[in-house]
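Enquirer: Numbering (our numbering), first residue to last: 35 to 98.
Pasting in a structure now, in structure tokens, and then I'll have a few things to ask.
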Amino acid sequence: MASHGRPNYVAIWGWLVALMIAGLAASFLPGARGLAVVLIFATAVAKALLVALNYMHLKFEPRL
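Now the structure itself:
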């Protein structure tokens with residue numbers, strides 16, 4: 035069984051904070067509501083993937 039290294043939790047946390055700020059900044063885009071919604075959803079999906087793969091340790095789990 036292969037041993038996997040631990041994820042760098044501080045770097046992942048930094049990415050989560052950066053994505054949160056990007057989503058917040060997207061909500062203040064002047065006049066581009068459609069683009070803002072797409073950017074906010076894209077950052078939400080990216081954050082969900084980061085949490086699921088790293089904090090929930092699904093990255094190295096076998097596929098069903």
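Heads up, the beta-carbon is just placed ideally off N, CA and C, and yes, glycines get one too.
Predicted, not measured: the structure shown is a model, and the values here were computed from it.
Between the stretch 73-91 and the stretch 44-62, can you find at least three pairs of beta-carbon atoms closer than 8 Å?
Expert: yes
Enquirer: Tell me the rounded alpha-carbon separation between Ala60 and Leu98.
Expert: 36 Å
Enquirer: Hey, could you find the ends of the alpha helix (DSSP H) Leu73 is sitting in?
Expert: Boundaries of the alpha helix (DSSP H) harbouring Leu73: 67-84, taken from the DSSP string.
Enquirer: By the three-class DSSP mapping on this structure, what secondary structure does Leu98 have?
Expert: coil
Enquirer: Roughly how many angstroms lie between the CA atoms of Tyr89 and Phe62, to the nearest whole one?
Expert: If you take the alpha carbons of Tyr89 and Phe62, they lie about 30 Å apart.
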